[in-house]
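Chemist: Shown below is the structure under consideration.
Numbering (the numbering used here), first residue to last: 1 to 222.
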């Protein structure tokens, strides 16, 4: 029992030691910003949902965020994208994270969708089933690099995809803007509510992602 407790405590310490580069929490009316990146720049008129906890509402027409300093972030050496979000059911497409010619995480025809370059822009697609709508869900994309091979693992609530490996993937870092809620023009504007957004420059383990889930003030399937 003592050994198991020590292992659990060690796991918690290791999880807390990984600091996000970007960390936004909209649960208390105004964004709480952590990590190294400043608060986001919001385009279009957005609103905050009523009651506690709150969330940032995007209308799916013209609202989106750009992340100051996001130009420096890349998945070329691996990393993690994490969000707690509620999607509106009226759209078939929506973007969470987008960096031109580098990576995207969103949904396509209501399926969780991740992509990144492989010689040509966005030639390494990964899917993980239908996303829930009108309820909170946890989404994460984890990219691990090993000897030039890229492994992608997607998380959607309690579902985790098998790692999809791209051998000798050709990934080049760009200076493009990092945006949330927009990609490829108006078709990909996000309609829904954003509760938390986090970006890490290291691939998180499943245990570390579970720790993030447990810290969330928003209800979603466990």
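Quick reminder that beta carbons are idealized off the backbone N, C-alpha and C, glycines included.
1. Can you tell me whether residue 4 is buried or exposed, with buried defined as 16 or more other CB within 10 angstroms of its CB?
2. Using a 10 Å radius around the Cβ and a threshold of 16 neighbouring Cβ atoms, would you call residue 198 buried or exposed?
3. Skipping 5 residues on each side, what residues in its chain have a beta carbon closer than 6 Å to that of residue 41?
4. Is the beta carbon of residue 112 closer than 8 Å to that of residue 131?
5. Verify whether the separation of the beta carbon atoms of residue 76 and residue 177 is less than 8 Å.
6. Specify whether the segment 196–214 and the segment 19–29 touch according to this definition: at least 3 beta carbon pairs, one from each stretch, less than 8 Å apart.
7. Our contact map puts residue 81 next to residue 140 with C-beta atoms below 8 Å; I'd like the distance itself, whole angstroms only.
8. Any idea what DSSP makes of residue 170, helix, strand or coil?
9. Run the proximity test for residue 103: is its beta-carbon closer than 7 Å to any non-hydrogen atom belonging to the ligand ZN?
10. Which residues mark the beginning and the end of the beta strand (DSSP E) in which residue 128 is found?
11. Is the CB of residue 39 under 8 Å away from at least one CB in chain C?
Modeler: According to the structure shown:
1. Only weak support exists for where residue 4 lies, its pLDDT of 35 falling under 50; the coordinates are left without a value.
2. buried
3. Closer than 6 Å at the Cβ level, and outside the excluded window around residue 41, lie 66.
4. yes
5. With respect to residue 177, residue 76 sits apart: the two C-beta atoms are not nearer than 8 Å.
6. yes
7. 7 Å
8. coil
9. For the ligand ZN, the structure offers nothing, since it holds no ligand at all.
10. Start and end: 126–130.
11. Given the protein chain composition of this structure (a single chain), no chain C is represented.
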